[in-house]
Amino acid sequence: MIYSLPQIIEYDASVSPDKDAFRCLDVSISYKDLLIKSRQLSSYLIETGIQKGDRVAIYMNRCLDTAVAVYGILMSGAVYVPIDPFTPVLRTLFILQDCGISHIVTTTLQEKKIRAIVREPSSLQFIIGISMESGAIAVPWDKIFKRSLKNYEPPRILEQDLAFILYTSGSTGIPKGIMHTHYSGLSLAKIAAAQYGFNENDRIGTFAPLHFDPSTFGYLVSPLVGATAIIIPDAYLTLPVSLSALVEKEKITVWYSVPLMLIQLLIHGEIQKHDFSSLRWVLFAGEVFITKHLRALMKIWPHANFSNLYGPAEVILCTFYDIGTPPETDDPIPIGTVWENTEYKILDSRGMEVERGQAGELVVRTATMMSGYWNNKELTERSFFRISVAEGYDHIYYRTGDLVKQNDLGELLFLGRNDRQIKLRGYRIELDEVEQTFLKHSKVQEVAVVVFKGEDDSRELYAVVRPTGGSALDTREIIDFCSSLLPSYAIPDVVEVMHDFPRTSSGKIDRKEIVKILTASKV
């Protein structure tokens, strides 16, 4: 019986040792080799003091070594914490300190950034994947892979042990770590595999970076069914024609990405010149798929099945909507119905259930739910909705913060956020965090960050800035300043100067009016 994530690889290595577990371009790693290398990394981690529940950072681009890093850390009983290598150094340092991380797993491609990190005060003691002189002990991959496993004794791992922590933007400007257990990760893998009939013959495209929750499909779901995960390198994501050729060459059967990637492929990928006949499932999540683009794609790929998935990183996924035929109208696609082992409620502002057809906040109770936010008890308590069943026993739901309603068929329709968090380009962005970062600049007195929708339904992030006193603002300087503090996906596309903000009757910035002004200026 499989009750921890490392047992997946142990099982696969016993029944299909020579099967490709992961591929990246023309290089692959079998389940047998993945098990051996993961154990070697696990052995080193244990030898250097890692104990159950300790956090280990993964700081690397998409490559085969990410799979070894994930399972090596899990086999040691530790918790993997993926950090975007493109994120600013200060944000990386915060995560390292917040999690008390002493070990980081990386590659030579990140050596320059690692040097910048170790120059700053941090808890880092061990750097795995490169050889360099620093205040921390550094060991390259080749030494890890020469380790003997003669006396290797991994710890016993329970399903309720922490497995990974995903950091996302926080409304206070401080990133928050979402804690997932082996149980929630396995539940996601089992439910998804059953829902879509994944099997050992599948080749599952892994388009998401490790710090982004859709990566769980490649790293958890694919091994569960003994399939092959195809890791898509970063460079291909900005080259739609090359991406089309790679998907054709690798005969990918399952596509799972944000809608933006599919739209770019549709418009710029010359997909009608390539053979996509292997595709049997096209899955998308993370943001609303513009219906007209979805309709066009479904007509080009009539052989494939399409499904709209929904779920914040706190529950990874919780609803799905299979799309049988191309939609005839431009109405938004429903987010559908909940997964197995999942239930939900739609609540008003008082915490009472609404009538069918009325809008309210979606709260979800599911096997894939997080255990809470790392090092933030107060936020954890605020994020759960509890229904008392008996003294000392509650049904616990996660408050998604998303507004939904049921249609006449009982399907859920996504209406937007009830706070100031948005999803753009597949990432969750806290507008408050972006604004607070702008306000750290000495020449910025006030700022309003809004989403501007163009005539072609594209969405862009605008920062409207009111300068301090009579200061002259160099917008390029402001963007460069924020780029050192925010992840790239949270940097506004446009920065505009406004010397007098429209305000509500209470004196607050009227952001709706700002959007109207921006719209009028574009006409």
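Residue numbering for the sequence shown is 222 to 744, as defined by my numbering. Positions of the beta carbon are idealized from the N, C-alpha and C atoms, including for glycine.
Buried or exposed (CB count within 10 angstroms, at least 16 for buried), residue i
{"i": "S727", "result": "For S727, the predicted structure reports a pLDDT of 49, less than 50, and the residue's modelled location is therefore unreliable. A value from the coordinates is still provided. Exposed, because fewer than 16 other Cβ atoms sit within 10 Å of the Cβ of S727."}
{"i": "D286", "result": "buried"}
{"i": "D382", "result": "buried"}
{"i": "V236", "result": "exposed"}
{"i": "S465", "result": "buried"}
{"i": "K410", "result": "Residue identity differs from the one stated: residue 410 is Ala in this sequence, not Lys. So A410 counts as buried."}
{"i": "L518", "result": "buried"}
{"i": "N282", "result": "buried"}
{"i": "L630", "result": "exposed"}
{"i": "P435", "result": "buried"}
{"i": "V610", "result": "exposed"}
{"i": "P342", "result": "exposed"}
{"i": "S225", "result": "buried"}
{"i": "Y417", "result": "buried"}
{"i": "M222", "result": "exposed"}
{"i": "N529", "result": "buried"}
{"i": "A337", "result": "exposed"}
{"i": "L311", "result": "exposed"}
{"i": "H324", "result": "buried"}
{"i": "D615", "result": "exposed"}
{"i": "D695", "result": "exposed"}
{"i": "R724", "result": "exposed"}
{"i": "D569", "result": "exposed"}
{"i": "K371", "result": "exposed"}
{"i": "E656", "result": "buried"}
{"i": "H401", "result": "buried"}
{"i": "D623", "result": "buried"}
{"i": "A769", "result": "In the structure displayed, the chain extends from 222 to 744; residue 769 sits before or after that span and is not available."}
Supposed close pair residue i, residue j - CB separation, criterion 8 Å
{"i": "D543", "j": "P430", "result": "Incorrect: roughly 27 Å between the Cβ atoms, too far for contact."}
{"i": "I322", "j": "P303", "result": "At roughly 12 Å, the Cβ-Cβ gap does not stay under 8 Å, so I322 and P303 are not in contact."}
{"i": "S750", "j": "N562", "result": "Absent from the model: residue 750. The displayed extent of the chain is 222 to 744, so no value can be given."}
{"i": "K240", "j": "G447", "result": "7 Å"}
{"i": "L486", "j": "G647", "result": "No, L486 and G647 are not in contact; Cβ-Cβ is about 14 Å, not under 8 Å."}
{"i": "P238", "j": "L295", "result": "With a Cβ gap of about 20 Å, P238 and L295 do not count as contacting."}
{"i": "K397", "j": "Y594", "result": "5 Å"}
{"i": "I425", "j": "F438", "result": "6 Å"}
{"i": "I229", "j": "L445", "result": "5 Å"}
{"i": "E612", "j": "P555", "result": "At roughly 39 Å, the Cβ-Cβ gap does not stay under 8 Å, so E612 and P555 are not in contact."}
{"i": "E582", "j": "N639", "result": "6 Å"}
{"i": "S390", "j": "A711", "result": "7 Å"}
{"i": "V715", "j": "I699", "result": "About 11 Å; that fails the 8 Å criterion."}
{"i": "R368", "j": "Y265", "result": "6 Å"}
{"i": "G572", "j": "F606", "result": "7 Å"}
Residue nearest to residue i in terms of C-alpha spacing, selected from the options
{"i": "D247", "options": "E471, S355 and A684", "result": "E471"}
{"i": "T327", "options": "P361, I316, A357 and E354", "result": "P361"}
{"i": "V736", "options": "V610, E681 and R577", "result": "E681"}
{"i": "I267", "options": "W502, V300, F243 and R244", "result": "V300"}
{"i": "N526", "options": "G532, L515 and W502", "result": "W502"}
{"i": "T658", "options": "H616, L706 and V468", "result": "L706"}
{"i": "P454", "options": "G593, T427, V446 and P480", "result": "T427"}
{"i": "S742", "options": "I730, R724, K729 and M719", "result": "M719"}
{"i": "A534", "options": "P523, E698, R649 and K334", "result": "R649"}
{"i": "I378", "options": "G298, D695 and D640", "result": "G298"}
{"i": "L458", "options": "G274, I484, R312 and I325", "result": "I484"}
{"i": "V665", "options": "F702, L441 and W560", "result": "F702"}
{"i": "D275", "options": "G350, K371, L441 and P376", "result": "P376"}
{"i": "I395", "options": "K729, E332 and P708", "result": "P708"}
{"i": "T546", "options": "E564, G572 and R516", "result": "R516"}
{"i": "L504", "options": "K494, T474, Q493 and R340", "result": "T474"}
{"i": "G171", "options": "F419, A415, V442 and E374", "result": "What is shown of the chain runs 222 to 744, which leaves residue 171 out entirely."}
Check whether residue i and residue j have beta carbons under 7 Å apart
{"i": "Y404", "j": "E380", "result": "yes"}
{"i": "P548", "j": "T512", "result": "yes"}
{"i": "V289", "j": "L262", "result": "yes"}
{"i": "A413", "j": "F243", "result": "no"}
{"i": "R620", "j": "A669", "result": "no"}
{"i": "V584", "j": "V536", "result": "no"}
{"i": "S249", "j": "G293", "result": "no"}
{"i": "Q642", "j": "E651", "result": "yes"}
{"i": "W560", "j": "C539", "result": "yes"}
{"i": "F673", "j": "L739", "result": "yes"}
{"i": "V462", "j": "G507", "result": "no"}
{"i": "F347", "j": "I335", "result": "no"}
{"i": "T329", "j": "I349", "result": "no"}
Test: residue i CB closer than 7 Å to a CB of chain C
{"i": "M281", "result": "Reference to chain C is not applicable here, since this structure consists of a single protein chain."}
Worksheet item: Going along the chain, which unbroken runs of the alpha helix (DSSP H) with 4 or more residues stay wholly within the segment 378 to 427?
Response: 403 to 417
Worksheet entry | Segments of 4+ residues assigned as alpha helix (DSSP H) that fall wholly inside the segment 262 to 311 | 285 to 296
Discussion item. Which complete beta strand (DSSP E) runs does the segment 627 to 709 hold, if anything under 3 residues is left out?
Written reply: 633 to 638, 642 to 645, 648 to 651, 665 to 674 and 680 to 688
Worksheet item: Can you list, in chain order, the stretches of the beta strand (DSSP E) that have 3 or more residues and sit fully within the segment 574 to 610?
Response: 581 to 587
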